[in-house]
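Worksheet for the structure shown next.
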Ligand SMILES: *Cc1c(COP(=O)(O)O)cnc(C)c1O
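Numbering (the numbering used here), first residue to last: 8 to 469.
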């Protein structure tokens, strides 16, 4: 058993280690060093027979784990679309870990449930989505899309006279999915979880920025779920929401928006117009752990049709039912027991406010613009319209781009990853961390610019 003294020592050790980690993060290599990765191998021991001092275990986790992390929170990580963690959200997460509340039901955690209630309202206002929509707190956009598609499936089938909950999927009227060829691959996973196969998907071609071309839409009908995206994973572009939502509405089709990072464009007056019409959709998902800078494992989905959500997630185990109009968090999500995600959302939004969110979005977009300008001057080709936080760029040949990327990653100054854009091997920057300063941008740009001459001559030899 752990004594109170040990508990105190452990939490103090965790506090010290967390402070040291966040304090030193900017000074270290963004990618973990080969030495740190090799030391990490020490964790592969046999399962211990007996117990061990928890402080010793904690120290080992810190000693071997911390240096082997990828420094995604340091401000110079631009790979994938990841974001960082606002300090107040780390603090809130630490406290919530100590609470260890089961946020599935109000009875087990009034603060978790109440914070979800207030955050739901704030998010619908901030993202300017229909205020009567319901919001579920999930792990990521993959699960957000799954959760929404499950509701969509139930609602669409219900209109066709099929009760999904009672009759299941076998023998049900077939559903159609219409999406663009640029649809994020995780959406196909979400569809699969919902029992919808790849053969049911119809693809619409896209324009040069990866936007679905509304003139090439197939005829929609009341068996159709349309999947659009707010924020192309490469270019950051937005699908033509108004046009497609109008077509869908006439046909009785459902529209879901994958807004994993791009839906945050609605948080700034400078970028909101890009997303006009997105509010006409039926459901949306957006990550907290990407651009809003919440710790990992945080996304929401919102759905206009509360009844569809309750048809799927409402349970009627009498011991779980509450009345009096309070939120039962589990009525909106696939799982029952889970951690208090609403606390981290509350911490971020209460701290930032509307202005803080707007500033985060604007700063990221400004940094992206600066990257594009500096890279272009150094001889890189910018392959997208830089209108949001994403920059796709390359050298003239794939071989040169590959060399440059390796050199940038090895520099330790910054980290970004490869992508394929219009059949070309390219590099992608996503500016999505609140920790990124102008100085981080200049330092990172320097590493990217220095990679050019060596790669151009070496690439020419290939
Ligand atoms: C990241 C991302 C996803 C998947 O989100 P997770 O939170 O990783 O599950 C889906 N779509 C887009 C556009 C994304 O950027």
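Cβ atoms here follow ideal geometry from the backbone N, Cα and C, with glycine treated the same way.
Range of the contiguous alpha helix (DSSP H) that encloses residue i
i	result
residue 123	117–133
residue 377	348–384
residue 419	From DSSP, residue 419 is part of no alpha helix (DSSP H); its letter is neither H nor E.
6 Å Cβ shell around residue i - same chain, five flanking residues per side excluded
i	result
residue 36	419
residue 381	452
residue 5	The first residue shown for the chain is 8 and the last is 469, placing residue 5 beyond what the model contains.
residue 158	310, 315, 316, 319
residue 210	188
residue 472	Residue 472 is absent from the structure shown; the chain starts at 8 and stops at 469.
residue 377	448
residue 250	221
residue 423	85, 86, 434, 436
residue 321	338
residue 171	161, 164
residue 461	none
residue 426	241, 433, 435
residue 344	109, 111
Residue i - containing beta strand (DSSP E), residue span
i	result
residue 236	231–236
residue 335	Per DSSP, residue 335 belongs to no beta strand (DSSP E) and is neither H nor E.
residue 437	431–437
residue 424	424–428
residue 291	290–294
Test: residue i CB closer than 8 Å to a CB of chain D
i	result
residue 66	The displayed structure is made up of one protein chain only, and chain D is not part of it.
Neighbourhood of residue i by C-beta distance below 7 Å, restricted to the same chain and skipping five residues each side
i	result
residue 297	88, 89, 90, 267, 268, 439
residue 49	71
residue 180	164, 167, 169, 230
residue 247	218, 219, 221
residue 225	185, 209
residue 374	438, 443, 448
residue 428	241, 390, 399
residue 393	375, 376, 379
residue 340	143, 144, 145, 154, 320
residue 284	248, 249, 252
residue 197	149, 152, 153, 156
Collapsed DSSP secondary structure at residue i in the structure displayed
i	result
residue 97	helix
residue 309	strand
residue 137	coil
residue 389	strand
residue 401	strand
residue 37	coil
residue 14	helix
residue 58	coil
residue 285	helix
residue 322	coil
residue 339	helix
residue 49	helix
residue 269	helix
residue 143	strand
Presumed contact (8 Å Cβ cut-off) between residue i and residue j, rounded CB distance
i	j	result
residue 401	residue 432	7 Å
residue 232	residue 156	7 Å
residue 145	residue 131	Not really, about 16 Å apart at Cβ, beyond 8 Å.
residue 182	residue 160	6 Å
residue 39	residue 92	The Cβ separation is near 18 Å, so there is no contact.
residue 78	residue 84	6 Å
residue 396	residue 371	4 Å
residue 227	residue 201	Actually they do not touch by this definition, with Cβ atoms about 19 Å apart.
residue 123	residue 302	That belief does not hold up - the Cβ atoms of residue 123 and residue 302 are roughly 16 Å apart, past 8 Å.
residue 152	residue 263	7 Å
Close Cβ partners of residue i (< 8 Å) along its chain, the five nearest in sequence each way excluded
i	result
residue 61	9, 13, 17
residue 274	133, 134, 361, 364, 365, 367, 368
residue 105	18
residue 129	356
Near ligand 3: residue i beta-carbon under 7 Å from a heavy atom
i	result
residue 148	Here the bound small molecules are ligand 1; ligand 3 is not part of this structure.
Taking the runs of the alpha helix (DSSP H) that are 4 residues or longer, which of them lie wholly in the segment 238–262? Restricted to the segment 238–262, the alpha helix (DSSP H) segments that are unbroken, complete and at least 4 residues in length are 248–258, listed in chain order.
Please list the segments of the beta strand (DSSP E) lying wholly inside the segment 146–218, counting only runs of 3 or more residues, in order along the chain. You should have 183–187, 208–211.
Quick check on the DSSP output: what are the complete beta strand (DSSP E) runs of length 3 or more inside the segment 59–91, in order along the chain? Counting whole runs of 3 or more residues, the segment 59–91 contains no beta strand (DSSP E) stretch at all.
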